[in-house]
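Read top to bottom, the protein sequences are chains A, B and C. Numbered as in our numbering, the first sequence ends at 275 without a single skipped number. Numbered as in our numbering, the second sequence ends at 517 without a single skipped number. Numbered as in our numbering, the third sequence ends at 255 without a single skipped number. We put the CB at the ideal spot given by N, CA and C, even for glycine. Have a look at the structure below, then the notes.
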Amino acid sequence: MILNLTDINISFGKNHFLGPINASFENGCLNLIVGRSGSGKSTLLKLLAGFHKEFTGSITLDYDKFIPDGNISLTFQNPETIFFNSTVFDEVSYSLKISNLKENEIKEKTNKWLKTWGLSSALYSEKYPFNLSGGEKRRVALAACTILEPKVILLDEPLAGLDRVGQKDLSEIINSLAKEHIVIIVTHEPELLINNNSHILFIDGVYTKEFNVNDFLSKAIQNSDFYPLPEWYVENLKYYVNSQKLPIVKAEEVANFLENQKNK
Amino acid sequence: MILFDRVSFCYNKNQETSFILKEVSFSFKKGAVNGLIGKNGCGKSTIARLIVGLLEPSDGKITITDEFNAKPYYFSGMIFQNPDNQIVGTTIGDDIAFGLENFNLSSDEINDSINKAASLFHFENMLDIPVSKLSGGQKQMLCIASVIALNPCWIVFDEPTSHLDPWARIEFWKIINELVINKTIGIIVISQLPEDINRFDNICVLNDGEIYFNDSVNKFKELKSLPYGIEFPEGWKLEKLLEDEK
Amino acid sequence: MFNKVKLKFRNLNPITKGFLCVIYILIFSFFCKSWQIGLVMNLFVLLSCLFIDEDVIQLIISLKKILLLLIIVAIFQGFSGNEFNYVNALSTIFRIIGVFFVATLYTKVSTQNELLYFWEKCFKPLKLFGVSSSEYALTMVIAIRFLPVFMDEIERIKIAQIARGAKLKTNSIVSAINFMPLLIPILTQAIMRSEELADAMEVRGYSTERPRSLYKKYSFGKYDFLTIFFTTIIIVVLAYIK
């Protein structure tokens with residue numbers, strides 16, 4: 012699957028806001044949208060989900076015109092603010108109930124989906140969402156928003172406000188979701204999510220530019236104004252900016268990389 | 272200095288299980304960045320609220336003294352997570368004025384303090400700008416300016432970087448380091464991000480309502496094991512990996 | 014020189030501004046019996062725009078907001094007798110336009126703080142009944158300040174729930190159950206936010222028991238005196254004509 016944006020220009024009233032955006036998002040990798048706060052990242056998500064209609068240009072999914080209607084899921088920062096049901100099961104199965112599925116189908120599908128998100132139904136389904144830990148709440152919210160398994164999943168800052176354990180759990184689940192769905196993530200902490208086949212759309216002012224992981228890391232190492240990566244990473248890798256395969260921002264990967272470079 | 276002497280806190284005195292803090296004793300000193308870390312729900316926010324007086328300890332004693340200068344009143348400020356939930360005024364000037372008005376200062380004194388605090392954060396020509404026009408980072412700066420205008424002895428930051436983008440985070444730590452160098456204000460930063468540990472000078476690790484560790488960051492670095500949910504920053508892990516290889 | 018005068022008139026004491034607004038609305042409501050007086054008074058209001066540095070043309074254009082109202086009222090007033098009464102319709106229109114102009118100008122030249130200061134003073138007498146006007150004024154500031162934040166929040170929750178499949182649009186009967194996905198999250202958010210705000214205010218020293226001071230001082234100068242004097246003359250003249 013491939014979602015293509017061609018010459019998208021976003022405006023608010025008479026004011027041109029962002030664009031032209033040319034980008035393509037695929038499944039099988041994490042698509043990250045990176046930029047300063049207020050640069051229009053969230054607006055771009057709203058546009059893709061069909062809630063911001065002031066734009067020109069075309070969006071295609073597998074070369075057909077893309078019409079956002081039931082084939083997209085959208086969550087915002089702190090998605091747990093959408094909770095309104097009493098139990099985890101009710102919360103997650105809400106979308107299924109609305110679409111008039113049979114009772115046993117709902118049950119089966121919900122239990123399966125809870126498991127995908129690491130919330131085994133025996134332990135969680137009768138719990139109250141508000142009594143869960145931050146990481147668990149986040150997973151319930153994301154499970155509830157994605158249960159219809161749309162082709163395109165849009166996430167706005169899914170890791171913000173979680174502790175490191177919660178972030179690790181969640182990024183693993185998101186990575187496995189990306190195999191069969193086009194996952195597009197707005198984030199200002201790309202270093203937590205970047206893996207070797209991530210795809211980055213960088214928003215800078217009104218312009219956007221697509222990067223692969225290597226180009227992005229190499230540019231950020233050379234220019235911390237472009238994107239401030241952690242100091243330890245920049246410090247250790249500043250002599251290898253021209254390398255064709257920079258390690259991702261994890262201690263083990265960087266250690267392996269440095270070891271290999273030494274052996275050469 | 273802030274001194275916690277066997278401080279306990281619980282919501283219901285009869286029930287042993289509802290203890291949030293169990294006889295914790297530790298101290299924070301001025302002139303350094305004091306970090307307070309621990310996983311969600313370990314009692315970090317309770318300690319913060321005890322320091323600024325929003326809560327009273329169930330047992331034990333909290334002593335706050337000021338070794339650098341004597342002030343007419345002891346006041347500790349706190350910066351909460353979400354800047355949007357703590358800005359009271361509609362314009363920058365109004366928000367800085369709010370706290371000063373609460374202390375019943377005269378109009379001239381207030382204007383004086385507003386100008387001083389505003390110039391620290393380059394807000395001096397923006398006093399009439401509505402708060403809604405500010406970016407997330409600027410709002411955070413405004414919250415800090417509003418608290419600093421009150422001339423506090425201590426400021427507690429409750430996960431200050433969680434709502435900021437990486438560029439704004441760098442700006443934030445610059446401000447904190449300036450405050451620390453000036454030494455007049457004590458700084459406590461609550462965080463759950465391992466990367467923030469790099470910025471701390473002293474660190475207090477909280478685990479299930481008890482103090483796990485309280486000393487300098489250099490000593491913290493030498494710890495062999497950490498409680499569940501707390502990790503060393505990636506940079507330290509790399510250092511260790513590289514050392515092991517040698 | 015003239016610019017300086019403009020600024021002086023624009024920055025009158027908030028009490029003077031509020032007082033004048035009320036007086037002129039009363040004049041338009043009760044003293045403009047004939048359309049000639051209405052016209053003269055409206056021209057006077059437009060003229061006064063020059064003194065408070067407001068764009069006259071913009072003000073006239075803004076009339077289109079109430080155009081429909083004007084037409085409806087004119088038709089009703091005109092046909093109140095046996096045949097269409099132009100005089101009646103015209104004088105009513107001038108009265109409505111006048112009130113609209115005065116209210117618009119008042120909100121344009123007053124900052125939020127000035128509005129609140131005026132209302133706080135107006136509600137002062139309520140203190141006799143144990144109601145604190147300053148607390149109400151502060152509540153109003155906070156409400157005004159949080160409105161945009163909340164509108165954003167509601168918008169976000171709405172979009173998120175629609176994306177989940179919630180059907181928040183009801184064509185036939187508005188049923189409360191359909192709006193549960195919107196109402197409950199908004200309520201929980203409101204409570205959580207206000208708890209944090211209350212904490213933040215308390216940490217910054219707010220207490221209902223201690224006296225507070227106000228940092229903005231408003232003086233009563235010769236320009237306040239001038240405008241009130243002038244308004245009194247107008248009232249006297251109008252009363253004489255009547």
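Cross-chain neighbours of residue i in chain A, by beta carbon under 8 angstroms
| i | result |
| --- | --- |
| E294(B) | Neighbours of E294(B) on chain A: none; closest Cβ ~25 angstroms, over 8 angstroms. |
| Q202(C) | T92 |
| I197(C) | F94, F95 |
Start and end residues, beta strand (DSSP E) containing residue i
| i | result |
| --- | --- |
| N234(A) | Note, N234(A): premise wrong, no beta strand (DSSP E); not H, not E. |
| N478(B) | 473-478 |
| I70(A) | 66-72 |
| I400(B) | Premise fails: I400(B) is in no beta strand (DSSP E) and is neither H nor E. |
| C34(C) | No beta strand (DSSP E) holds C34(C); the alpha helix (DSSP H) holding it covers 27-43. |
| E263(A) | First-last for E263(A): 262-274, but that is the alpha helix (DSSP H), not the beta strand (DSSP E). |
Sequence-distant residues of the same chain with beta carbon closer than 6 angstroms to residue i, five excluded per side
| i | result |
| --- | --- |
| K300(B) | M272 |
| I474(B) | G306, V488, F491 |
| M397(B) | I363 |
| G31(C) | F131 |
Amino acids of chain C, ordered along the chain, whose beta-carbon sits closer than 7 angstroms to that of residue i
| i | result |
| --- | --- |
| F369(B) | R217 |
| T361(B) | Q125, V154, I157, R158 |
| S50(A) | Those do not exist, as S50(A) stays about 17 angstroms from chain C at its closest Cβ, beyond 7 angstroms. |
| M349(B) | V216 |
| K113(A) | Those within 7 angstroms of K113(A) in chain C number zero; the least Cβ separation is about 16 angstroms. |
| F62(A) | I172 |
Extent of the continuous alpha helix (DSSP H) to which residue i belongs
| i | result |
| --- | --- |
| I214(A) | Looking at the DSSP string, I214(A) is not in any alpha helix (DSSP H); the run it does join, the beta strand (DSSP E), is 210-215. |
| C8(A) | Chain A is shown only over 12 to 275; residue 8(A) falls outside these bounds and no answer can be derived. |
| A189(A) | Unbroken run through A189(A): none, as it is neither H nor E. |
| F238(C) | 235-254 |
| L450(B) | 437-453 |
| G370(B) | 363-373 |
| G425(B) | Here the sequence assigns Trp to residue 425(B), which means Gly is not the residue at that position. Premise fails: W425(B) lies in the beta strand (DSSP E), 425-429, not in any alpha helix (DSSP H). |
| R217(C) | Where R217(C) is concerned, there is no enclosing alpha helix (DSSP H), given that its DSSP letter is neither H nor E. |
7 angstroms Cβ cut-off: residues of chain A touching residue i
| i | result |
| --- | --- |
| M164(C) | By Cβ distance, chain A contributes nothing, its closest Cβ being about 15 angstroms from M164(C), past 7 angstroms. |
| N473(B) | By Cβ distance, chain A contributes nothing, its closest Cβ being about 20 angstroms from N473(B), past 7 angstroms. |
| A179(C) | I109 |
Minimum C-alpha distance to residue i - residue among the options
| i | options | result |
| --- | --- | --- |
| G295(B) | P465(B), E395(B), T317(B) | Looking at the sequence provided, one finds Val at residue 295(B) rather than Gly. The shortest Cα separation from V295(B) among P465(B), E395(B), T317(B) belongs to T317(B). |
| L160(C) | R320(B), I358(B), I335(B) | I358(B) |
| G360(B) | M214(C), K230(C), V250(C), K235(C) | M214(C) |
| R206(C) | N311(B), G302(B), I335(B), F351(B) | F351(B) |
| R177(C) | I19(A), I205(A), L165(A) | L165(A) |
| T86(A) | G91(C), I170(C), R158(C) | I170(C) |
| G46(A) | L134(A), S131(A), A231(A), Q272(A) | A231(A) |
| Y74(A) | D174(A), P161(A), L14(A) | L14(A) |
Interface partners of residue i on chain B, CB under 9 angstroms
| i | result |
| --- | --- |
| N247(A) | G506, L509, L513 |
| Y263(A) | Going by the sequence as given, residue 263(A) is Glu instead of Tyr. Neighbours of E263(A) on chain B, chain order: K508, L509, L512. |
| L239(C) | Within 9 angstroms Cβ-Cβ: nothing; L239(C) doesn't reach chain B, min ~25 angstroms. |
Neighbour list for residue i in chain C, Cβ cutoff strictly below 8 angstroms
| i | result |
| --- | --- |
| I83(A) | A176 |
| F87(A) | R169, I172, A173 |
Close-in-space but distant-in-sequence residues of the same chain around residue i (CB under 7 angstroms, 5 per side omitted)
| i | result |
| --- | --- |
| S185(C) | Note on S185(C): pLDDT 49, under 50, position unreliable in the model; the coordinate value appears next. There are no such residues. |
| I88(C) | none |
| L143(A) | V151 |
| W124(A) | V103, A154, I158 |
| L203(A) | L170, Q178, S182 |
| S50(A) | I214 |
Distance cut-off 7 angstroms: residue i Cβ against heavy atoms of the ligand FMN
| i | result |
| --- | --- |
| F62(A) | Absence of the ligand FMN is noted for the structure shown, with no ligands found whatsoever. |
Supposed contact pair residue j and residue i - C-beta distance, whole angstroms, cut 8 angstroms
| i | j | result |
| --- | --- | --- |
| D391(B) | I419(B) | Asp is not the amino acid found at residue 391(B); the sequence shown has Leu there. Confirmed, about 7 angstroms. |
| A173(C) | I117(A) | Their Cβ separation, rounded to whole angstroms, is 21 angstroms, which puts A173(C) and I117(A) out of contact at 8 angstroms. |
| P354(B) | C414(B) | 5 angstroms |
| I367(B) | S417(B) | 5 angstroms |
| Y238(A) | V265(A) | The Cβ separation is near 17 angstroms, so there is no contact. |
| F100(A) | S136(A) | 4 angstroms |
| L107(A) | K120(A) | 6 angstroms |
Close beta carbons around residue i, own chain, < 8 angstroms, minus the five adjacent residues each side
| i | result |
| --- | --- |
| E505(B) | P465, E466 |
| I385(B) | G364, I367, A368, L371, L398, A420 |
Within chain B, the residues that residue i reaches when beta carbons sit closer than 8 angstroms
| i | result |
| --- | --- |
| P161(C) | S403 |
Neighbouring residues, chain C, relative to residue i (Cβ below 9 angstroms)
| i | result |
| --- | --- |
| N373(B) | M214, R217, G218, Y219, S220, R223, R225, S226 |
| A171(A) | Going along chain C, no residue has its Cβ under 9 angstroms from A171(A), so there is no contact; the nearest lies around 14 angstroms. |
Below-8 angstroms beta-carbon distance, residue i vs any chain E residue
| i | result |
| --- | --- |
| E449(B) | No chain E is present in this structure, whose protein chains are A, B and C. |
Listed by chain order, chain B residues near residue i by CB distance under 7 angstroms
| i | result |
| --- | --- |
| E270(A) | E516 |
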